[in-house]
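These notes concern the structure reproduced below.
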Amino acid sequence: MFFPWFNGSEVHTAMLVLISILSVNCIANTQIPDYRQMAQLAEYIGVDYPEAIDSGEIINNAEYQEMLEFSGILITQAKASKVSALVSKAEILEESIKEKKASSVIQQLCNELRSELLEQMPQATLPRQLLPEPETQSLFQQQCSTCHGRQGKGDGPTSIGLEPPPTDFTDRTRAMNRSILGLYDAISNGIDETAMVAYDQLSEEQRWSLAFYAGSLAFEEVKVEFAKSPNVTLEELINNSPTQLANGDIDELEKVVQLRASPSRLFSHSPSPLGIARSKLLEARSAYKNGQLEKANHFAVSAYLDGFELVESSLDTRDSNLRKQIEANMMALREQFKNAENREQLEASLDATLAQLESAEQILSSEGLSNATLFSASLIILLREGLEALLVTLALAMVLIRSGRADVLRYVHAGWITALVAGGLTWWAARELISISGASREVMEGVAALTAAAVLFYVGVWMHSKSHAAQWKAYIQKQVTQRLKVGTLWGIALLVFIAVYREVFETVLFYEALLTQSLPSQTPTIISGFLAGALSLAVVAWLTIRYSVRLPIGRFFSVTTYLLVGLSFVLIGKGIIALQEAAIIGISPLPMTFELDWIGLKSTWQSLLAQALVIAVFVAYTIRSRLSRIQVM
Numbered sequence: 035m036f037f038p039w040f041n042g043s044e045v046h047t048a049m050l051v052l053i054s055i056l057s058v059n060c061i062a063n064t065q066i067p068d069y070r071q072m073a074q075l076a077e078y079i080g081v082d083y084p085e086a087i088d089s090g091e092i093i094n095n096a097e098y099q100e101m102l103e104f105s106g107i108l109i110t111q112a113k114a115s116k117v118s119a120l121v122s123k124a125e126i127l128e129e130s131i132k133e134k135k136a137s138s139v140i141q142q143l144c145n146e147l148r149s150e151l152l153e154q155m156p157q158a159t160l161p162r163q164l165l166p167e168p169e170t171q172s173l174f175q176q177q178c179s180t181c182h183g184r185q186g187k188g189d190g191p192t193s194i195g196l197e198p199p200p201t202d203f204t205d206r207t208r209a210m211n212r213s214i215l216g217l218y219d220a221i222s223n224g225i226d227e228t229a230m231v232a233y234d235q236l237s238e239e240q241r242w243s244l245a246f247y248a249g250s251l252a253f254e255e256v257k258v259e260f261a262k263s264p265n266v267t268l269e270e271l272i273n274n275s276p277t278q279l280a281n282g283d284i285d286e287l288e289k290v291v292q293l294r295a296s297p298s299r300l301f302s303h304s305p306s307p308l309g310i311a312r313s314k315l316l317e318a319r320s321a322y323k324n325g326q327l328e329k330a331n332h333f334a335v336s337a338y339l340d341g342f343e344l345v346e347s348s349l350d351t352r353d354s355n356l357r358k359q360i361e362a363n364m365m366a367l368r369e370q371f372k373n374a375e376n377r378e379q380l381e382a383s384l385d386a387t388l389a390q391l392e393s394a395e396q397i398l399s400s401e402g403l404s405n406a407t408l409f410s411a412s413l414i415i416l417l418r419e420g421l422e423a424l425l426v427t428l429a430l431a432m433v434l435i436r437s438g439r440a441d442v443l444r445y446v447h448a449g450w451i452t453a454l455v456a457g458g459l460t461w462w463a464a465r466e467l468i469s470i471s472g473a474s475r476e477v478m479e480g481v482a483a484l485t486a487a488a489v490l491f492y493v494g495v496w497m498h499s500k501s502h503a504a505q506w507k508a509y510i511q512k513q514v515t516q517r518l519k520v521g522t523l524w525g526i527a528l529l530v531f532i533a534v535y536r537e538v539f540e541t542v543l544f545y546e547a548l549l550t551q552s553l554p555s556q557t558p559t560i561i562s563g564f565l566a567g568a569l570s571l572a573v574v575a576w577l578t579i580r581y582s583v584r585l586p587i588g589r590f591f592s593v594t595t596y597l598l599v600g601l602s603f604v605l606i607g608k609g610i611i612a613l614q615e616a617a618i619i620g621i622s623p624l625p626m627t628f629e630l631d632w633i634g635l636k637s638t639w640q641s642l643l644a645q646a647l648v649i650a651v652f653v654a655y656t657i658r659s660r661l662s663r664i665q666v667m
């Protein structure tokens with residue numbers, strides 16, 4: 035198995051004829067150019083041009099004629115695309131080849147053309163994982179070594195006499211201008227009229243693994259664990275050569291080369307939340323540079339919801355200030371990605387945020403999380419997510435009990451039990467069957483929170499109207515008993531379901547993220563934190579039931595009113611914040627920054643105004659009720 039068109043061979047006439055025929059047919063039949071093929075041609079010109087021209091002189095006429103022919107094909111297909119930028123870049127490339135300009139100039143023009151082509155072509159399916167390296171090495175020996183040699187130097191036993199000769203993958207100069215995508219396409223499709231055949235009998239995973247392996251052989255000496263990651267996504271690493279990715283930055287080139295040598299860190303089976311956050315921000319930057327502002331904003335939202343949010347609790351126990359800084363910066367980046375004018379400010383903010391994410395990763399990974407940190411994070415997660423659901427469930431249950439309808443508590447139990455089961459099934463489906471984005475999760479939670487807030491506020495106001503009624507007992511006997519029909523009872527069950535379900539799925543995700551940050555031996559510590567949280571919630575439930583039963587009915591209604599209105603205050607704040615995080619509602623920050631997560635308080639005008647509205651409406655209703663009683667008296 036070999037890749038001759040990446041090699042500086044003397045003549046590729048057969049290949050040229052084939053590509054020309056395919057290109058003409060493509061244009062004649064569909065009028066749609068093959069952008070991927072064009073990208074490969076541009077890469078080939080950049081790689082092989084030094085074999086044709088040196089110091090402005092032709093050193094291999096066959097190669098030079100091939101360069102001219104390939105550049106002509108690029109112009110033909112670019113014109114068929116009707117994309118002016120492609121036509122312009124292809125024409126400049128052809129003219130520069132005719133003028134026999136320096137290799138560095140041609141390579142730069144090829145890189146620019148190829149970058150434009152990558153923007154035009156449909157997004158390719160990326161590999162989700164690679165084979166283990168020993169397995170890939172074995173596959174290379176079985177399928178490739180007879181031509182390319184055991185070390186990939188192009189000196190296999192059957193390479194003698196082959197024209198063009200097999201590629202030497204250890205040639206660093208050529209590898210610097212070679213993309214993984216080009217290698218993958220050569221493996222998948224082969225090269226007609228050469229000894230290189232298509233290896234379509236191999237699975238996609240095997241072909242991608244071989245492409246990455248072949249692309250790493252020129253950089254074997256730098257296969258080391260590096261302290262700081264390059265600002266490169268998996269898609270960028272696949273589509274671009276090291277020279278393109280570094281863009282003249284020597285330090286960045288070193289990191290890119292190290293990533294080409296050891297790409298496995300991009301294929302973790304359980305990518306860390308911080309790794310996801312970083313990758314999404316880099317995708318946002320790439321989209322922004324290409325003028326895709328809406329797409330950039332989408333990636334920025336995903337960076338927070340699908341990545342950073344899942345480790346907030348863990349980081350908060352280690353460095354709360356850093357956690358707040360990263361969260362604030364990631365929220366600000368969303369707005370900056372919408373503005374095409376302030377590119378310098380965006381780059382500065384993005385670099386600062388990426389550096390903070392690196393710091394957070396070092397904090398969370400240095401010597402692993404301590405047992406005390408894991409226990410605290412586990413405890414806080416359950417208390418934070420479970421307390422609201424517990425209080426809503428208890429409040430509704432106690433209202434039924436004190437109204438003499440303890441017999442219908444089964445509807446409340448049906449609501450929270452069903453929510454636990456549904457939450458578990460949703461989590462399983464999200465892992466095995468479908469992909470639920472962080473934005474979708476936040477929208478679900480936000481809508482559920484606002485719905486629950488509205489219903490709880492209504493129930494609270496209703497209870498307030500009865501807490502001072504002289505004939506409350508008669509009312510309960512006549513109205514509650516009669517009106518709590520099956521439909522209403524299922525409505526109560528639905529409210530409990532909403533209150534509990536909105537917490538369950540997120541709780542599971544937070545614990546899953548916590549487990550990815552810990553060692554297997556620390557799992558009992560996380561379980562201990564969970565059990566401690568469950569015990570704490572049980573104590574709260576016991577105290578609530580014990581003392582609410584002892585309260586006089588009027589006082590009970592009064593206390594429960596304020597509890598339900600307070601819960602609606604918390605939930606409406608959290609609902610607005612969740613929709614802000616999902617980019618459904620805009621974010622207008624206050625001049626000062628503060629956050630009280632336990633009561634849904636955050637320094638944005640939208641959430642505070644919504645909470646202020648709850649208080650204002652309840653106060654207005656209370657004043658009106660008192661005035662009405664005074665008039666009656």
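Quick note, the sequence shown lines up with residues 35 to 667 if you use the working numbering. Think of the CB as a built atom: it goes at the ideal place given N, C-alpha and C, for glycine as much as any other residue.
Exposed unless 16 or more other CB atoms sit within 10 angstroms - verdict on residue i
i      : result
Ile657 : exposed
Gln516 : Low local confidence applies: a pLDDT of 48 at Gln516 is under 50, so the model's placement there is unreliable, with the coordinate-based value given in what follows. It is exposed - the Cβ of Gln516 has fewer than 16 other Cβ atoms within 10 Å.
Arg294 : buried
Gly190 : buried
Asp441 : exposed
Ile633 : exposed
Met626 : exposed
Tyr322 : buried
Ala646 : exposed
Ser105 : buried
Endpoints, the alpha helix (DSSP H) within which residue i is located
i      : result
Tyr233 : Tyr233 -> no alpha helix (DSSP H), and no H or E assigned at all.
Gly420 : 405 to 436
Gly309 : 307 to 323
Leu151 : 137 to 154
Thr207 : 206 to 209
Thr277 : 276 to 280
Arg294 : 284 to 295
Ser222 : 214 to 223
Glu167 : 167 to 177
As assigned by DSSP and simplified to three states, the class of residue i
i      : result
Glu239 : helix
Leu630 : strand
Ile87  : strand
Thr267 : coil
Leu635 : strand
Ile618 : coil
Ile92  : strand
Pro198 : coil
Pro623 : strand
Lys507 : The predicted model places Lys507 with a pLDDT of 49, which falls under 50 and marks its position as unreliable, so this point remains unresolved.
Gln185 : coil
Val117 : coil
Arg536 : helix
Asn373 : coil
Residue of the options minimising C-alpha distance to residue i
i      : options                        : result
Arg418 : Gly567, Leu165, Thr159, Glu77  : Gly567
Glu150 : Arg357, Cys178, Ser320         : Ser320
Ile618 : Trp450, Met478, Arg212         : Met478
Pro98  : Ser122, Gln71, Leu120, Ser137  : Per the sequence shown, residue 98 should be read as Tyr rather than Pro. Minimum Cα distance to Tyr98 is reached at Ser137.
Leu251 : Asp234, Thr192, Met230, Leu217 : Leu217
Phe333 : Ala406, Arg70, Glu369, Glu378  : Glu369
Ser383 : Ser393, Ala394, Phe371         : Phe371
Leu543 : Val345, Met210, Pro84          : Val345
Glu343 : Tyr322, Val291, Asn405, Ile415 : Ile415
Ser298 : Leu287, Ile606, Leu271         : Leu271
Ile606 : Leu647, Phe628, Ala487, Thr638 : Ala487
Ala431 : Asp205, Arg580, Asp202, Ala311 : Arg580
Ser243 : Asn405, Met626, Glu169, Leu413 : Glu169
Ala337 : Arg148, Lys134, Ala311, Gln142 : Ala311
*asked:* Could you check whether the segment 107 to 122 touches the segment 182 to 192, counting it as contact only if at least three pairs of C-beta atoms, one from each stretch, sit closer than 8 Å?
replied: Because the criterion of three Cβ pairs below 8 Å is not met, the segment 107 to 122 and the segment 182 to 192 do not touch.
_Is it the case that the segment 372 to 392 contacts the segment 556 to 574, given that we only count it when at least three CB pairs across the two stretches are under 8 Å?_
In this structure the segment 556 to 574 does not touch the segment 372 to 392; the number of beta carbon pairs closer than 8 Å is below three.
_Taking contact to mean 3 or more Cβ pairs, one atom from each stretch, closer than 8 Å, check whether the segment 309 to 320 and the segment 283 to 291 are in contact._
Verdict: no, contact absent.
*Should the segment 590 to 599 be regarded as contacting the segment 607 to 626, the criterion being three or more beta carbon pairs within less than 8 Å?*
These segments do not touch.
*Do three or more CB pairs link the segment 236 to 249 to the segment 163 to 180 at distances below 8 Å?*
Contact check between the segment 236 to 249 and the segment 163 to 180: three or more CB pairs, one atom from each, fall below 8 Å, which counts as touching.
*Three or more beta-carbon pairs under 8 Å between the segment 529 to 537 and the segment 326 to 341, yes or no?*
Two segments are said to touch when three or more pairs of C-beta atoms, one from each, lie closer than 8 Å; by this definition the segment 529 to 537 does not touch the segment 326 to 341.
*Okay, do the segment 76 to 93 and the segment 206 to 213 touch, 3+ Cβ pairs below 8 Å being the bar?*
Counting Cβ pairs under 8 Å, three or more are found: they touch.
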